[in-house]
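Asks: Position in the sequence shown (from 1) plus 450 gives the number in this note's numbering.
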Amino acid sequence: MAPSEAAQSKPCLRRLENGLIDVTPTGDYIAITERNSTQSPLLRLPAEIRNIIFEYVVSGHTIRMISERGTSCWPLAKRHRFSLARVSRQTYNETALLTYTGNTLLFMYPDGIEILTTPSSSLNRMLIRNIGVIGSGTGIWPEPWVIPLLNTYFPYLTKMDIQPVGQLNAETRSFIESLGGTVHVHIREVTDHEDWLEMWMRCAD
451 MAPSEAAQSK PCLRRLENGL IDVTPTGDYI AITERNSTQS PLLRLPAEIR NIIFEYVVSG
511 HTIRMISERG TSCWPLAKRH RFSLARVSRQ TYNETALLTY TGNTLLFMYP DGIEILTTPS
571 SSLNRMLIRN IGVIGSGTGI WPEPWVIPLL NTYFPYLTKM DIQPVGQLNA ETRSFIESLG
631 GTVHVHIREV TDHEDWLEMW MRCAD
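#1: Enumerate in chain order the residues of its own chain whose CB-to-CB distance from arginine 494 is below 7 Å, with the five nearest sequence positions on each side excluded.
#2: Under the three-state reduction of DSSP, which class applies to arginine 514: helix, strand or coil?
#3: Residues bridged to glutamine 540 by DSSP?
#4: In whole angstroms, give me the CA-to-CA distance for isoleucine 503 and asparagine 619.
#5: Quick one: residues in its chain with C-beta nearer than 8 Å to the C-beta of asparagine 501, no 5 flanking neighbours on either side, listed in chain order?
#6: Pick helix, strand or coil for arginine 464, following the three-state DSSP scheme.
#7: With a threshold of 16 other CB atoms inside 10 Å of the CB of leucine 463, please say whether the residue is buried or exposed.
#8: Starting from leucine 600, follow the alpha helix (DSSP H) in both directions and report where the run begins and ends.
#9: Which class does valine 635 belong to by DSSP, given the choice of helix, strand or coil?
#10: Ordered along the chain, which non-local residues of its own chain (more than five positions away) have a Cβ less than 8 Å from that of arginine 626?
#11: Cutting at 8 Å between CB atoms, please list the residues of its own chain near threonine 554, excluding the five before and the five after it.
#12: On the criterion of 16 or more Cβ atoms from any shown chain inside 10 Å, does alanine 481 qualify as buried, or is it exposed?
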């Protein structure tokens, strides 16, 4: 059987104003999309129920950003949690935003933040609501001045999870929390240095 024209065609990638891919069906894909919406046990559910399912599956997780060398410092046992967006055009449309708005992006390196601070990622940054930054191992990091800077990188941020290595005194903790402005700053000290050091060494290999 010869491949369909839809399978052979490679249309240019179109993007919406919010930076997501425009997956509006065209050509042969229109019939496929319509069939999926009526025959799929999941996609034919009422939108309210689908949204509850999608939010349960896709949101509420911590996405650990990889290091600048493209390797991960953490075990990756749950690689396929966000594969739902790749199942069909409809699931992409209904879950793609949740990846940004419903999860926490955790960085270990200051360099990791650069992944999302390039001009090409400016639209995606506007969707991010929660981020986390973990200590670097050279005293307390992030430095307090970084917090207002992150607010400018992520203008719609609502929560920032700061994980310094070691304990902060009450004065330093209060000062860091005050820098968040309208953003809720949550501080969680990394006190298990042995486990943290093992993770850091994996990143340094």
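Ideal Cβ positions, reconstructed from N, Cα and C, are used throughout, including at glycine. Quick caveat: nothing in here was measured; it's all calculated off a predicted structure.
Replies: In short, the structure shows the following:
#1: Ser487 and Thr488
#2: If DSSP states are grouped into helix, strand and coil, arginine 514 belongs with the strands.
#3: DSSP output for glutamine 540 lists no bridge partner at all.
#4: 42 Å
#5: Glu544
#6: coil
#7: exposed
#8: Note, leucine 600: alpha helix (DSSP H), 596-603.
#9: strand
#10: Before going further, note that residue 626 is isoleucine rather than arginine in the sequence given. Excluding sequence neighbours, isoleucine 626 sits near Pro594, Ile597, Ile612, Leu618, Val635 and Ile637.
#11: His511, Thr512, Ile513, Asn580, Ile581, Gly582, Lys609 and Asp611
#12: exposed
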